[in-house]
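Numbering (mature numbering (1 follows the signal peptide of the UniProt record, and there is no 0)), first residue to last: -28 to -1, 1 to 741. Heads up, the beta-carbon is just placed ideally off N, CA and C, and yes, glycines get one too. Only one structure is covered here, and it is reproduced in the block below.
The structure is reproduced here in structure tokens:
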């Protein structure tokens, strides 16, 4: 009886314990639900079970394991979110929203958390030291906020951390040496803050590190020699700091390095003694704006993979080594603002991919290689008093002439309605130099029309009118944003495109502004993927712009025509997308001030006979002055306009980035991705479930055979990933066009073990760039 009594008591106790556990579990789950409701982010949800709410995932016990509300436009004070209620939370994604307030210390209670993303919000205050309690954390994103104060040393306790993103805040103080404890770290992004002090040598203990970004801070001291221990490093950004001393020779141990950016520091030393030969994979080398001395070593020519070389604004002397001509992949070469002497080596003519060349001012002498005279503007060679040119094809304008053209526009546009006025300004019309038979012509065989201001300007005007039979409709090849486009073949056989604005349109302020704006912008830019403006003509009845003639017309028309779309194969489409990206990167990052196109669409991208892309129609382009407001009325082509313009009216480069994403997908899909865009503005969790997954192969243009060349397949995967990133609803979370181009040049491999048929849109959306 005693035994039975004891057994009964034990059963009762166990039953009571189970009841208590049940009520405790039920109570804990209820607390989670209430904590969610208190945020106001799910007030409109009608489901009783919060595990079915958007962005919520639960484990088998009913506890919340993941909250994913990235890029959902949610608002509220983060400090009021009760983190202590989520004992089983493993992933918290709140990035790309409008959250305010501080990060509360209670966040340290999330002991099971492995992924934390609070990036791209409006958070303020300090990073709480309690975040160091999240010992299971592998990813930490606090970037793109307004966080202040020091980086807490307790971050050194997160020994499982693989990615740390603290960039673009207002963090101050020194980089804590404890960061060196994070031995699993592969990427460390601390750029765009106000960090001071030296680079701690303990960072060089992070031997798994692949990317180190410390640029745009106020770091001082020397680059630690121990940096050579980071043998897995592929990207090193230390630019825009106050670093001193020489470039450590131990950098040569980083054999996998693809990008080295030391621009705008106070580095010294003899460049000729640095051994570049170990950098077999280097693509970007930016050493500009330092105090480097000595000569440019000839062995720099072994960097055959290099696409970007900047040695400008240093104290370099001696000759330009001919071996630089071996860098056949170079697209930008900057040697400006040094004391270089001797001739420009003819081997530089071998750099057929070169888009930007800066050689001014130096002390170069001798003859400019002929092909370079024809490829680059006069400003390229300015400031070298003893350089000579024997060819009449040297293009370009000095800065004084550019200013003169703009002043000419300012003076003449208001009086353009005077009946007797005929003005034709030719900016680059170097090819039009045929000796015409009429008595009016006074040009000689080698005379350039550009040198003739009034007399032959009238002649060229008359030739253009004659070539189009006074703008007969049979010569009309299209309609632009504010005028009709005509094909004109001059007596010497040269063909040009004329965009004509009628006088009645000229009386409309919006058209007049666009006309003037296009002259202003295109007279200042020069890029292989941007249409050339050869001149403009103003008459009391007819105003028009003179462009180079692009044979195939718009990308939009090419995609609409089945025959042309088939001829535009995958490799050509990849090249078109990259060409547009490089043009936009040039406008955003190589022009001062930056230029935003504001109307990137398939209609405004032209294709020549080789299917090369040219960005056109700059009537709505805007020059960004960062010390003034860039608010403006919404302009652009419907379905390509960035969503934020509808409510902020603030023009930034990210507006073009969004439009580029639309065009890139349009080229891959073969039509405008209108049905896909609503899905792409949401995070992957908002896309259809796995049984309804959108597969990339199903989106690609069905008029072409599926690509089987692995190089092309990888290009398509990378372009898709970049395009999806460009279409993020929050402009801050979109990449810059410069970053897009860097991704294209790096050509990293994605999904090596999977076929194209196995890859979904959500997998590509999840890729980081």
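Taking the Cα of residue 231 as reference, the smallest distance to any Cα among 728, 737, 736 and 714 is reached at 714. Residue 526 places its beta carbon less than 9 Å from that of residue 574.
When only Cα atoms are considered, residue 437 and residue 466 end up about 14 Å apart. In the DSSP annotation of this structure, the continuous segment of the beta strand (DSSP E) that includes residue 169 starts and ends at 166 to 169.
Annotated three-state conformation of residue 563 is coil, per DSSP.
Note that the C-beta distance between residue 194 and residue 167 is not below 9 Å. The Cβ atoms of residue 641 and residue 548 lie no closer than 9 Å to each other. Each residue's CA atom was taken as its position, placing residue 136 and residue 280 some 28 Å apart. DSSP places residue 196 in the coil class of the three-state scheme, outside both helix and strand.
Between residue 236 and residue 307, the alpha-carbon positions lie close to 14 Å from each other.
Residue ranges of uninterrupted beta strand (DSSP E) with 3 or more members, entirely inside the segment 528 to 578 and ordered along the chain, are 566 to 568. At least 9 Å separates the beta-carbon of residue 667 from that of residue 581. CA-to-CA, the gap between residue 515 and residue 455 works out to about 10 Å. Cβ-Cβ distances below 6 Å link residue 261 to 235, 236 and 285 in the same chain, with the five nearest sequence neighbours on each side left out; the list follows chain order. The residue from 69, 60 and 700 with its alpha-carbon nearest to that of residue 79 is 60. With contact defined as three or more Cβ pairs closer than 8 Å, the segment 668 to 675 and the segment 714 to 725 are not in contact. In the structure shown, residue 267 adopts extended strand secondary structure according to DSSP, grouped into three states. In terms of CA proximity to residue 711, 629 leads the group 629, 678, 687 and 727. Within the DSSP secondary-structure output, residue 338 pairs in a beta bridge with 359. A Cβ-Cβ separation of about 7 Å places residue 300 in contact with residue 325 under the 8 Å criterion. For the pair residue 172 and residue 160, the Cα-to-Cα distance works out to about 13 Å. Taking a contact as a CB-CB distance under 8 Å, the pair residue 623 and residue 568 counts as one, their CB atoms being some 6 Å apart. Rounded to whole angstroms, residue 586 and residue 457 show a C-alpha spacing of 16 Å.
Residue environment for residue 463: exposed (fewer than 16 other C-beta atoms within 10 angstroms of its C-beta). Measuring C-alpha to C-alpha distances from residue 243 to each of 73, 257, 233 and 267 identifies 267 as the nearest. Shortest Cα-Cα distance from residue 107 to any of 130, 439 and 709 involves 130.
According to the DSSP secondary-structure assignment, residue 97 is paired through a beta bridge with 119. Residue 25 and residue 649 have their C-alpha atoms some 23 Å from each other.
Nearest C-alpha to residue 177 among 190, 162 and 150: 150. A distance of 9 Å or more separates the beta carbons of residue 53 and residue 35.
Listed as beta-bridge partners of residue 459 by DSSP are 469. Excluding its 5 nearest sequence neighbours in each direction, residue 272 has C-beta neighbours in its own chain below 6 Å: 248, listed in chain order.
Per the Cβ contact rule, the segment 527 to 542 is not in contact with the segment 499 to 511 (fewer than 3 Cβ pairs under 8 Å). Taking each of 652, 632 and 676 in turn and checking the Cα distance to residue 539, the smallest one comes out for 676. Taking the C-beta atoms as reference points, residue 531 is found nearer than 9 Å to residue 643.
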